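Chains as they are written, first to last, in the UniProt record's numbering: chain A, 1 to 217; chain B, 1 to 217.
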DNA sequence: CAGTTCTCACCTAGGTGTAAAATT
DNA sequence: AATTTTACACCTAGGTGAGAACTG
């Protein structure tokens, strides 16, 4: 999956052990098609039947709160497939559907049955974060030129398709000289999240947990 | 370092957590030179002054005894350097000296000060294994054709230097068709080790620890 | 014919020994 | 003269979109 989701985590217990995991859930019950002349995704019927749930457990798991908080947690190794019989542990999605990635922070002492092929457990030791700007629509071929350009311009592995003849604009050219530049990040506190989800309030333990999202572009 | 050291471990407590680490210690206090006409390494003076000790902590650390015992533990990412100012965490050695790799099994509850830049602690919670057949002499350029051929024939990354014109012998040709072939392994029990090292006896906890060595060729 | 699969050239990233050049 | 460093071609391994081929 590119761009990869990247998060910064604050407020964990430095000495407690945690798993961090991602799953990807349907946004609605619809199938979509892209209408080129209006540049919009339109509903094209009901969703296909749901697929076996998969969870991507971040490869740095298990790690201490301290370790997680000292790094940007990147999900750039997460892979997607439309093959419902996949045996590579990839996350299985339907093409032409809308999905929302979720980040789960799972306390070790609560993770008795954490598995790549079972839904993430819910309860006191697990907190889940979603960032609405990361909703995406799955395709098997790109439906418009903007997304193709984003992919080619931002993914190092697609360098071979960059049109070096096409000149960058003045601003872009300047940006390129700042190799360390990163787009602005957005911060979402656990309180924001609980409000958004109309959740009934978290334990003290989690009250300071903050997770910040930035795209890896 | 190629060929990489690979070990199989038996007899750990499946539910206990362990680090596994490697360091490389001088075999003697001498510097060597290779005498081509006799195909032998000869003493060529006293060793250079010792170098800051480094430890390679196996990247699968920290893991349970169960996890360690279920896999072949391979040290193929271990890197060597002759640069005493190295800041990449590589193990620093002198060229033209004889060295012996050691494998350390370190119980988590004993590993308070385990660090890549400090000597491995010794004591009740740490057991160390050496395999005399892994002694090697460091060089900056290969000193004889046999070692060059071993490196080129056995290391996939050196495939570009293989002389596909030179025909394999009948036996070698047959061997090559068995992709899964591995050289015989040698088993060393902790008792063997204690005898060899004239150690004063281990705790019950470790009495069944066995470590088996095989080269990754 | 919209959607999917497959093969391919072209990249990133990094592990090899060679041979020339530099060092001591 | 022996040893070490450096630039380089050639690999492994795997992530890209293009475009042809295929599917229903």
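Built from N, CA and C at the ideal position, the CB exists for glycine as well.
Every value quoted in this text rests on a predicted model; they were computed, and no experiment measured them.
Sorting B:104, B:133 and B:108 by C-alpha distance to the C-alpha of residue 120 of chain B places B:104 at the top. By the Cβ rule, the stretch 91-108 of chain B counts as touching the stretch 21-36 of chain B, because three or more pairs are nearer than 8 Å.
Residue 6 of chain A counts as buried, since no fewer than 16 other beta carbons sit within 10 angstroms of its beta carbon. Around the CB of residue 147 of chain B, fewer than 16 other CB atoms lie within 10 Å, so the residue is classed as exposed. Judged by their CB atoms, residue 19 of chain B and residue 65 of chain B are not nearer to each other than the 8 Å cut-off. Taking C-beta atoms under 8 Å as the contact rule, residue 60 of chain A and residue 94 of chain A fail to qualify, at a distance of about 29 Å.
For residue 159 of chain B, the three-state secondary structure derived from DSSP is helix. Between the alpha carbons of residue 157 of chain A and residue 150 of chain A lies a distance of about 13 Å. Only residues of its own chain outside the window of five on either side were considered, and among them 158, 161 and 162 have a CB closer than 7 Å to the CB of residue 152 of chain B, listed in chain order. In this structure, DSSP gives residue 110 of chain B a helical state, which the three-state scheme calls helix. A direct Cα-Cα distance of roughly 11 Å separates residue 77 of chain B from residue 91 of chain B. For residue 87 of chain A, no beta strand (DSSP E) segment is defined, and its DSSP state is neither H nor E. Residue pairing from DSSP places residue 24 of chain A in a beta bridge opposite A:101. The residues 51, 52 and 92, in chain order, have a CB closer than 8 Å to that of residue 84 of chain B in the same chain once the five nearest residues on each side in sequence are set aside. At the C-beta level, residue 145 of chain B and residue 34 of chain B stay beyond 8 Å of one another. A distance below 7 Å between beta-carbons, with the five flanking residues on each side excluded, links residue 39 of chain B to the following residues of its chain, in chain order: 144. With a threshold of 16 other beta carbon atoms within 10 Å, residue 73 of chain B meets it and is buried. Measuring C-alpha to C-alpha distances from residue 14 of chain B to each of B:134, B:114, B:70 and B:112 identifies B:70 as the nearest. In this structure, the beta-carbon distance from residue 43 of chain A to residue 32 of chain A falls below 8 Å. Secondary structure note for residue 45 of chain B: its beta strand (DSSP E) is the uninterrupted segment 40-46. Looking at the DSSP output, residue 127 of chain B bridges to B:105. Non-local C-beta neighbours of residue 110 of chain A in its own chain, meaning closer than 8 Å and more than five positions away in sequence, comprise 121, 123, 124, 125 and 126, ordered along the chain. Between residue 106 of chain A and residue 45 of chain B, the alpha-carbon positions lie close to 59 Å from each other. For residue 30 of chain B, the enclosing beta strand (DSSP E) begins and ends at 30-35. Just measuring C-alpha positions, the residue of A:41, A:140 and A:4 sitting nearest residue 81 of chain A is A:140. In terms of Cβ geometry, residue 56 of chain B and residue 21 of chain B form a close pair [threshold 8 Å]. DSSP places residue 17 of chain A in the strand class (E or B) of the three-state scheme. With at least 16 other beta carbons inside 10 angstroms of its own, residue 54 of chain B counts as buried. Taking the C-beta atoms as reference points, residue 118 of chain A is found no nearer than 8 Å to residue 62 of chain A. Residue 116 of chain A and residue 58 of chain A have their C-alpha atoms roughly 10 Å apart.
Only residues of its own chain outside the window of five on either side were considered, and among them 93, 94, 95, 96, 97 and 99 have a CB closer than 7 Å to the CB of residue 138 of chain A, listed in chain order. In the three-state DSSP reduction, residue 138 of chain A falls in the coil class, being neither helix nor strand. Note on geometry: alpha-carbon atoms of residue 128 of chain A and residue 88 of chain B lie some 37 Å from one another.
For residue 80 of chain A, the three-state secondary structure derived from DSSP is strand.
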